[in-house]
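Taking it in order: structure first as structure tokens, then the write-up.
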Amino acid sequence: MGIEQTREREQRWQDEWNKAKLFEAVPKEGTPKFFCTFPYPYVNGLPHIGHLFTMMRVEAFARYKRHRGFNVLFPQAWHATGSPITTAAMRVTEGDAKQIGILKENGVPDHEIPLFKDPEHWIAYFSPRYKQDVSAVGLSIDWRREFITTSLNPQYDAFIRWQFTTLHEKGLVQQGRHPVVWCPKESAPVSDHARSVGEGETPQEFTLLKFPLDGEIGTFLIAATLRPETVYGQTNLWVGKDIEYVKARVKGPHGQETWIISAACAEKLLMQERAVEVIGKVKGSELLGKRAMAPAVDRTVPVLPSHFCSPDKGTGIVTSVPSDAPDDWMGLHDLQQPGAAEKEGIPLNIVADIKPIAIIKSSDLGDMAAVRICEDMGIKSQHDRAKLDEAKKVVYKKGFYEGTMLVGPYAGEPVQQAKDKMKKDMLDSGKAETFYELTGKVVCRCQTQSVVKIVSDQWFVTYGDAEWKRKTHHALDGVTLYPEKSRQQFEYVIDWLNDWACTREYGLGTRLPWDERWLIESLSDSTAYMAYYTIVHSIKDIDPKLLDRRFFDYVLLGKGTAPNMPGVDVEALRAEFMYWYPVDFRNSGKDLVQNHLTFFLFNHCAIFPEEHWPKGIGVNGWVTVNGQKMSKSLGNVIPVRKLTEEYGADATRMTILNGGEGMDDPNWDSNFAGNLHGKFETLLRSCEDVTGNTEETSTPVDSWLRSSMASSVQHITDAMEQTNFRTAIQLAFFEINHALKWYVVRTAGKQNKKLLRECLEAQLVMLAPFIPHVCEEGWRKLGNDGFVSVAPWPAVDTSALDPALDRREAMVRQVADDIQRQLEKSAAPASVQLFLAADWKREAYAAFDEATKTTRNPAEIMKLLSATPLAAHGPELQRLVTFLVKGGRQPQDVPSAVQEREWLESAREYLESIAGKKVEILEAGAAESPKAQNGLPGKPAVVLQK
RNA sequence: GCGGGGAUAUCAAAGCGGUCAAAUGAGCCAGGCUUAGGACCUGGUGGCCUCGUGCCUUCGCAGGUUCGAAUCCUGCUCCCCGCACCA
Numbered sequence: 026m027g028i029e030q031t032r033e034r035e036q037r038w039q040d041e042w043n044k045a046k047l048f049e050a051v052p053k054e055g056t057p058k059f060f061c062t063f064p065y066p067y068v069n070g071l072p073h074i075g076h077l078f079t080m081m082r083v084e085a086f087a088r089y090k091r092h093r094g095f096n097v098l099f100p101q102a103w104h105a106t107g108s109p110i111t112t113a114a115m116r117v118t119e120g121d122a123k124q125i126g127i128l129k130e131n132g133v134p135d136h137e138i139p140l141f142k143d144p145e146h147w148i149a150y151f152s153p154r155y156k157q158d159v160s161a162v163g164l165s166i167d168w169r170r171e172f173i174t175t176s177l178n179p180q181y182d183a184f185i186r187w188q189f190t191t192l193h194e195k196g197l198v199q200q201g202r203h204p205v206v207w208c209p210k211e212s213a214p215v216s217d218h219a220r221s222v223g224e225g226e227t228p229q230e231f232t233l234l235k236f237p238l239d240g241e242i243g244t245f246l247i248a249a250t251l252r253p254e255t256v257y258g259q260t261n262l263w264v265g266k267d268i269e270y271v272k273a274r275v276k277g278p279h280g281q282e283t284w285i286i287s288a289a290c291a292e293k294l295l296m297q298e299r300a301v302e303v304i305g306k307v308k309g310s311e312l313l314g315k316r317a318m319a320p321a322v323d324r325t326v327p328v329l330p331s332h333f334c335s336p337d338k339g340t341g342i343v344t345s346v347p348s349d350a351p352d353d354w355m356g357l358h359d360l361q362q363p364g365a366a367e368k369e370g371i372p373l374n375i376v377a378d379i380k381p382i383a384i385i386k387s388s389d390l391g392d393m394a395a396v397r398i399c400e401d402m403g404i405k406s407q408h409d410r411a412k413l414d415e416a417k418k419v420v421y422k423k424g425f426y427e428g429t430m431l432v433g434p435y436a437g438e439p440v441q442q443a444k445d446k447m448k449k450d451m452l453d454s455g456k457a458e459t460f461y462e463l464t465g466k467v468v469c470r471c472q473t474q475s476v477v478k479i480v481s482d483q484w485f486v487t488y489g490d491a492e493w494k495r496k497t498h499h500a501l502d503g504v505t506l507y508p509e510k511s512r513q514q515f516e517y518v519i520d521w522l523n524d525w526a527c528t529r530e531y532g533l534g535t536r537l538p539w540d541e542r543w544l545i546e547s548l549s550d551s552t553a554y555m556a557y558y559t560i561v562h563s564i565k566d567i568d569p570k571l572l573d574r575r576f577f578d579y580v581l582l583g584k585g586t587a588p589n590m591p592g593v594d595v596e597a598l599r600a601e602f603m604y605w606y607p608v609d610f611r612n613s614g615k616d617l618v619q620n621h622l623t624f625f626l627f628n629h630c631a632i633f634p635e636e637h638w639p640k641g642i643g644v645n646g647w648v649t650v651n652g653q654k655m656s657k658s659l660g661n662v663i664p665v666r667k668l669t670e671e672y673g674a675d676a677t678r679m680t681i682l683n684g685g686e687g688m689d690d691p692n693w694d695s696n697f698a699g700n701l702h703g704k705f706e707t708l709l710r711s712c713e714d715v716t717g718n719t720e721e722t723s724t725p726v727d728s729w730l731r732s733s734m735a736s737s738v739q740h741i742t743d744a745m746e747q748t749n750f751r752t753a754i755q756l757a758f759f760e761i762n763h764a765l766k767w768y769v770v771r772t773a774g775k776q777n778k779k780l781l782r783e784c785l786e787a788q789l790v791m792l793a794p795f796i797p798h799v800c801e802e803g804w805r806k807l808g809n810d811g812f813v814s815v816a817p818w819p820a821v822d823t824s825a826l827d828p829a830l831d832r833r834e835a836m837v838r839q840v841a842d843d844i845q846r847q848l849e850k851s852a853a854p855a856s857v858q859l860f861l862a863a864d865w866k867r868e869a870y871a872a873f874d875e876a877t878k879t880t881r882n883p884a885e886i887m888k889l890l891s892a893t894p895l896a897a898h899g900p901e902l903q904r905l906v907t908f909l910v911k912g913g914r915q916p917q918d919v920p921s922a923v924q925e926r927e928w929l930e931s932a933r934e935y936l937e938s939i940a941g942k943k944v945e946i947l948e949a950g951a952a953e954s955p956k957a958q959n960g961l962p963g964k965p966a967v968v969l970q971k
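Reminder that position 331 of the first sequence reads as 356 in my numbering, one-by-one numbering, no gaps.
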């Protein structure tokens, strides 16, 4: 059977499911419910193997829960909020080759490309195709509930407005100051996607240090630094001789001041809510040799020339801390070379006396980190740029993370803590101010260089709120995590999370209800929408104006009274919400723990009563492909469509879930996927083999098979409950197959087909969450009606469980192996004799068992046994004890003599079929040969009789 | 650097103090079934031999605890996720 037929078969079953409305979730009073979700995908592309894994974890769990008798709600929707689609559409408009290439890769024909200039077309194009790909996998989603986000969907829009209004009224959305990357030409923030240079660059907070200029009251030299904790090591200031600085009148918190800064800096300050008025110019060279009062240390330092000051970076003036800044150390070093000061026009005596001051100590670099690193790296001058940049990074890291302050009010404290304290002290006393600078150059797509702008009207969700955090911790306590070991990460994130800027000026989304200039940002409008899933299918066509405050308050919170809405049974909506909520399982990749999944918890705590807080959260790793990390550059990002086309839905489903579990990165194994096809056919053939014959026969091995199945069911159920799907697959597919094979071999053609049928039936149900199409097919072959997809999960028959039977079969198998091995070495014996172990060995086992209750020390055990009559067996006993101590067979697992004989007798027929000879079972004493004495309890000696 | 998760045989991945040379699957090798088969079945797959109640070497590296460590402890190295205003 080829792949085409497989896909036809899969399609047929999917059609059947749809026809039967198998996955349409309808509340059923008295039936327990299970509500599971994964984050709706962003629709700027098609699903790939990474999405598949997250979806499949929910899918397998959803199907499992159906077998367990739960009424399952498994919905899916589409996310379009945010800027990527808008930006991409703009790029298409501009004719961007890269963007158009991406569309082509996604299967868009050339003539349709222009349509993608419209953001809405992206959604219209990708959402149905995404759905198509996902449907081909056979996901059991209730598609009646699909929807799209943003104002394009006025009903959803109304819901998000309600959510934010609710948060706002609780005081959890507040306005504040916020630095953004800004294009001065377009007067708009420049998102990552809208940059031609500088993706990933962000505003960074610098401290502006203010140096009162000697002899000019009210005038300050301003230096920007990222390391305010190093002020105690300041020895001088650096300026560029040829840089044109400006004198600017700046209104500071302590009145009018005159600042000397670069012209570019003055402009930047204007964007950062500072009143700045340029009143004059001053050249760098004019400042040389002057002195200014260094903040915090309160001593004057000279202004010296350097070649690394840039008017575009900071203020163009740099404070010099030669002990901890490699640039400064080399600048000083250069100036102290013979003749250098004179050449620069600086009196030698100013320069000669300057020495680095030890201020921070770290174990690796000592207390003169910059001096040390320059030596280590062989840096020769301030022009050795590449090396200096590297050195700066190292010194900064070591200093910040491992350093301890040596001087100042925080001497003895780690730099990490002292840094913020020093900064705050200087800010409070007016010796410093803050300033934002980009981490790197950013150029807007309009080719204008971007700057940092402080916006003061940004809205924040106040995740930093202590009370809210407390509540969320409490909510987390009530959440079952899959796997549980992700809990620590969640606890950490709840504490770490701070206020989140939740509005944007650009992109798609919902407008902030009380401040319509703003759009709600994409990570913020996806935090409580699971509630919307419960009612979406009933309100899709309602006039959105009716979906007001009162409506959602009543339906989702039970507040107030039901509004009267023509054609809508509001009470029924309320009932449906109450039936499905809370969310029982939400699954996502581990990268979303630090934002989305935690936001989800926070928002539920804020909006809903405790009974509706989330019950379960799943976290999974990142898919690797054939052992390699998935990436565009490796070209191994496999679209879901390609997988179903090549392997079929079932093989795809099973392979991806077999790839891994827990938070490990799962691996997609193409070989495994390719082999499954044949294995499925074998499974179906087995189903055919047991049909027709329902006559109850019985073999001695039946009880073992029953026990083995019961144990498998138990273990598989445990694994499923913990979303350990890989384990479940291994057990349900491979372990059960092994057991069935052994049963067939062991019964030598005389199987109890009724029992086999029962086992296969149970196996099909347990595999149905993973390979439902094959299982439906097998289910019918077994002669069953209805769908295996909703068949009850097999119960664990605890009465059938008997570990002794496993030991029996293990023994029989071992004996069979031993016989075969002996036969290989010997030509045509007349018969096979099995000699049971001598009685004293069994006694020794028992004595050993007894002895281990007091000690596990071999020497002591031997001593105890030597005190018994067993001592007569001398060296042989010693050998036995050594064997047992090393962990040979456990004495308690060994059968009694009577039992062992019984077991062997019952398996005699099988053993004879293996040997092709008569098999005799004898006592050790029945023969003289040394070989016959070799038997151990549970492991008879095999002797071939000529 | 910090928080979290990891490192097991050719590969993927179980194991988490003694039944561990280590489940299972893939790959590879040999054999069977077949007109043929990337199907299916059987066996093998760290090394050595006296083929066993055998010996040696192995579970990131180095130490330690223990009669006994892949499993526990300490230190180190490396990998993945995150360290945010972005989907």
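For each residue, glycine too, the CB sits at the ideal point set by N, CA and C.
Contact annotation: the segment 678–687 touches the segment 66–84, with at least three C-beta pairs closer than 8 Å.
Counting only runs that start and end inside the segment 850–911, the alpha helix (DSSP H) elements of at least 4 residues fall at 864–876, 883–891, 899–910.
In this structure, Val-326 sits near Asn-261, with a CB-CB distance shorter than 8 Å. Of all C-beta pairs linking the segment 917–930 to the segment 827–836, three or more are shorter than 8 Å, placing the two stretches in contact.
Lys-123 counts as exposed, since fewer than 16 other C-beta atoms from the protein chains shown sit within 10 angstroms of its C-beta. Counting along the chain, His-798 sits inside the alpha helix (DSSP H) bounded by residues 797–806.
Taking C-beta atoms under 8 Å as the contact rule, Ala-436 and Thr-340 fail to qualify, at a distance of about 29 Å. When the beta-carbon positions are compared, Leu-905 and Ala-869 come within less than 8 Å of each other. In this structure the segment 93–110 does not lie against the segment 762–778, because fewer than three pairs of beta carbons, one per stretch, are closer than 8 Å. Looking only at Lys-779, Phe-95, Ile-28, Arg-37, the smallest Cα-Cα distance to Gly-55 is reached by Phe-95. Here Glu-269 is bridged, per DSSP, to Lys-308. Boundaries for Ile-138: no alpha helix (DSSP H) harbours it, and the DSSP string shows neither H nor E there. Rounded to the nearest whole angstrom, the C-alpha separation of Arg-881 and Lys-911 is 11 Å.
Under a 10 Å Cβ-count criterion, Lys-235 is classified as buried, with 16 or more other Cβ atoms of the shown protein chains found around its own Cβ. In the DSSP assignment, Ile-946 falls within the beta strand (DSSP E) that extends over 943–947. In the DSSP annotation of this structure, the continuous segment of the alpha helix (DSSP H) that includes Asp-401 starts and ends at 394–402. Put simply, of Gln-970, Ser-152, Val-840, Thr-623 the residue whose alpha carbon is nearest the alpha carbon of Ile-939 is Val-840. In terms of Cβ geometry, Arg-274 and Glu-302 form a close pair [threshold 8 Å]. With contacts defined by Cβ atoms closer than 8 Å, Val-264 and Val-328 form a contacting pair. Boundaries for Gly-652: no alpha helix (DSSP H) harbours it, and the DSSP string shows neither H nor E there. With a cutoff of 8 Å on beta-carbon distance, Lys-496 and Asp-520 are scored as not near each other.
Excluding its 5 nearest sequence neighbours in each direction, Ala-300 has C-beta neighbours in its own chain below 6 Å: Lys-276, listed in chain order. The distance from the Cβ of Leu-792 to that of Phe-758 is about 6 Å, consistent with a contact at the 8 Å cut-off. Residue burial is scored here from C-beta neighbours: Asp-40 has fewer than 16 other C-beta atoms within 10 angstroms and is therefore classed as exposed. In the structure shown, the three-state DSSP call for Met-81 is helix. When C-alpha distances from Thr-552 are compared across Phe-908, Arg-599, Leu-192, Tyr-89, the shortest belongs to Leu-192. Rounded to whole angstroms, the gap between the alpha carbons of Leu-961 and Leu-830 is 19 Å. Contact check for Trp-42 against Ser-814 passes: the beta carbons are separated by less than 8 Å.
Annotation: the continuous alpha helix (DSSP H) that includes Lys-129 extends over 122–130. With respect to the 8 Å criterion, Ser-152 and Val-68 are classified as neighbours on the basis of their beta carbons. In the structure shown, Asp-727 adopts helical secondary structure according to DSSP, grouped into three states. About 6 Å separates the CB atoms of Lys-386 and Gly-428; that is less than 8 Å, so the two are in contact. Using a Cβ-Cβ distance cut-off of 8 Å, the segment 106–113 and the segment 815–830 are not in contact, since fewer than three pairs of beta carbons, one from each stretch, lie closer than that value.
Taking 8 Å as the upper bound for CB-CB distance, Pro-639 and Phe-625 are in contact here, some 7 Å apart.
Taking C-beta atoms as the reference points, Tyr-65 and His-104 count as a pair closer than 8 Å.
Rounded to the nearest whole angstrom, the C-alpha separation of Glu-671 and Ala-394 is 59 Å.
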